[in-house]
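Report on the structure given below.
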DNA sequence: TCACTCCATCAGGATATCGGATCGTTTGAT
DNA sequence: ATCAAACGATCCGATATCCTGATGGAGTGA
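Residue numbers (our numbering), protein chains in the order written: chain A, 3 to 294; chain B, 3 to 294.
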């Protein structure tokens, strides 16, 4: 006794149920009438149930057949979903995801992992530079989805999180006490002008201890307690700590993490990636939910 | 190119994914190693995707394989659900459903129809007599589920609806104005003593115009406007109407529609039937929902 | 380096499935 | 009442599919 249903037979079954005639169903399926008839017979024998009422012209479902019909449709739908998911071109390709390097953690790795699980045939390239570079990438079509750190949320952007910019340094570091204050920033870091003008306004002398292109240099310098840096409160790496300066340093402005989506044929997958990002940041994503 | 997945192959696929080895999976499936190996090959060829990573000892899923694994489990689960639903003895048998004749409408036909759709292999016998007879049927195991009309809700019963007992008569009938008041009731009708004592208390003379075993006789007499009857407000048939007596007749007591479930091996299906009854009466059925 | 394990592949045979033809039944028109 | 058309079940021969058992090659640990 076969324990497994044959999807082909279920297709014939639903076709016959729809048409009410074996011959018509067979024509629609590009099969012979005899083939379809045999499939129905096998199905009935396997389940040991009469599925059709053959009295009279044509062929009508029995109560058992009605029950199976619902299940058969679900089965076929699932089969087809698997098929498109695994083979359809729509679900393969490449996506470029731009994220400022300082907010890659903690959420982005999780998002990438989940997305890869859902769309294994899509290769996601993570591009982590600075907000300004990312925005130009998006405009030129060199990125499909970007996150940014900005003071405002311009039109076309979607805010994921609003967080405070805070001073950070080495664990139990003392560098923040020295004057002139030693800073370490990448050249294009968007926080750099914010920090500099805040210090100028507060009348605190400062100097750029490291003025590099490389994130590594900055990290190393801060780790060695030779300079301090600033970071969004929600994304401080574990090997640094927020400086408890007790008012000795100026407060920094609030910063928003924004998201921008590119348009185009890849939009459905971009939306899906964006949804995962929203979930990671704990944003409801109301529209998407409402649509389902 | 096959558009339909083979459940057998999916079974092998999940077994291999679980075991991590083709040989072990084959043993579990009572198949040869080569058979399983070829099934995997066919799956990969059909989907045109590598599902396993064969480098090294054993065999591990690729990202595509992981995606398929989730789907495969759903597919197999659905297949097995269909199989048990269509062939398992658990879902065939007979059920006796006892309902007082005067509340068969409007809900019972709907319930029976839905239940038959869900369990075509279960034959439901509808037994409609009087509340007292139904309760004794249930106690003697001659009924699996009964509804009753009673003033109270005894322990072991569940109230479905509380409704007023009202006077009914023929459409635009005048019979309620005559004295002595002409009544038509079946001999065992549970409403009969209620009505009689209400009339006695109000000092209204009455006589039993029809005192029959047959519902038909009662209906015919009332339809002919020769007598009046009483009925639960929520279940007045369309060919009768509630008498607008303006206080000339006494108010009748409130009546509850209760439900009793028999215990035993058929309990799961009885529960399901009870759930449909609750839904029809608009009762939440909290416990059942909480359990899911 | 040498067994040992594990998987892919090949050849042969059993089984399943399909297409074409035939037969019996129902149905509606004459 | 009769008959032709429509329809589904079934039989037969051809083919395709799938399984078993055997063989070979690749990786692995002593």
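By construction, the Cβ of each residue, glycine as well, lies at the ideal position given by its N, Cα and C atoms.
- Here residue 112(A) really is in contact with residue 282(A); their C-beta atoms are around 6 Å apart, less than 8 Å.
- For residue 200(B) and residue 252(B), the gap between their C-alpha atoms comes out near 6 Å.
- Here DSSP, grouped into helix, strand and coil, assigns residue 154(A) to coil.
- What residue 19(B) touches in chain A, judged by beta-carbon distance under 7 Å, is nothing: the nearest beta carbon there is about 14 Å away.
- At a C-beta separation below 9 Å, residue 51(B) has these neighbours in chain A: 88, 89, 122 and 123.
- For residue 231(B), the CB contacts under 6 Å within the same chain, skipping 5 residues up- and downstream, are 170, 186 and 224 in chain order.
- Here residue 81(A) is not bridged, per DSSP, to any residue.
- Residue 141(B) counts as exposed, since fewer than 16 other C-beta atoms from the protein chains shown sit within 10 angstroms of its C-beta.
- Annotation: the segment 161-232 of chain A contains the following complete segments of the alpha helix (DSSP H) (minimum length 4 residues), in chain order: 193-204 and 217-225.
- Ranked by Cα distance from residue 21(A), the options 60(A), 250(A) and 118(A) are led by 60(A).
- The beta carbons of residue 63(A) and residue 19(A) sit closer together than 9 Å.
- Neighbours of residue 76(A) across chain B, judged by C-beta separation under 8 Å: 80.
- Taking 9 Å as the cut-off, the beta carbon of residue 190(A) is found no closer than this to the beta carbon of residue 155(A).
- Cβ contact annotation for residue 175(B) (same chain, cutoff 7 Å, sequence separation greater than five): 227, in chain order.
- Residue 172(B) sits buried, since 16 or more C-beta atoms from the chains shown fall within 10 Å of its C-beta.
- Listed along the chain, the chain A residues whose CB falls inside 8 Å of the CB of residue 118(B) are 65.
- Separation of the CB atoms of residue 128(A) and residue 149(A) is rounded to 11 Å, and the pair is thereby denied contact status at 8 Å.
- Annotation for residue 259(A): the continuous beta strand (DSSP E) segment containing it runs 256-263.
- Per DSSP, residue 141(B) lies in no beta strand (DSSP E) segment; the continuous alpha helix (DSSP H) that holds it begins and ends at 133-141.
- Within the DSSP secondary-structure output, residue 98(B) pairs in a beta bridge with 127(B).
- Residue environment analysis places residue 13(B) among the buried positions, since at least 16 neighbouring C-beta atoms fall within 10 angstroms of its C-beta.
- Of all C-beta pairs linking the segment 90-102 of chain A to the segment 259-272 of chain A, three or more are shorter than 8 Å, placing the two stretches in contact.
- Residue 260(A) counts as buried, since no fewer than 16 other beta carbons sit within 10 angstroms of its beta carbon.
- A direct Cα-Cα distance of roughly 7 Å separates residue 188(A) from residue 220(A).
- For residue 247(B), the CB contacts under 7 Å within the same chain, skipping 5 residues up- and downstream, are 169 and 178 in chain order.
- In this chain, the alpha helix (DSSP H) harbouring residue 15(A) covers 9-21.
- The Cβ atoms of residue 41(B) and residue 25(B) do not sit closer than 9 Å to each other.
- In the three-state DSSP reduction, residue 148(A) falls in the strand class (E or B).
- Per DSSP, residue 91(B) is not a residue of any alpha helix (DSSP H), being assigned neither H nor E.
- Taking C-alpha positions only, residue 74(B) is separated from residue 82(A) by approximately 12 Å.
- With its beta carbon at least 9 Å from every one in chain B, residue 170(A) lies outside the interface.
- No residue range can be given for residue 106(B), since it is assigned to no alpha helix (DSSP H) and is classified by DSSP as neither H nor E.
- Annotation for residue 117(A): the continuous alpha helix (DSSP H) segment containing it runs 110-120.
- Burial state of residue 262(A) is buried, judged by a 10 Å Cβ sphere holding 16 or more other Cβ atoms.
- For residue 10(B), the C-beta contacts it makes with chain A under 8 Å involve 6, in order along the chain.
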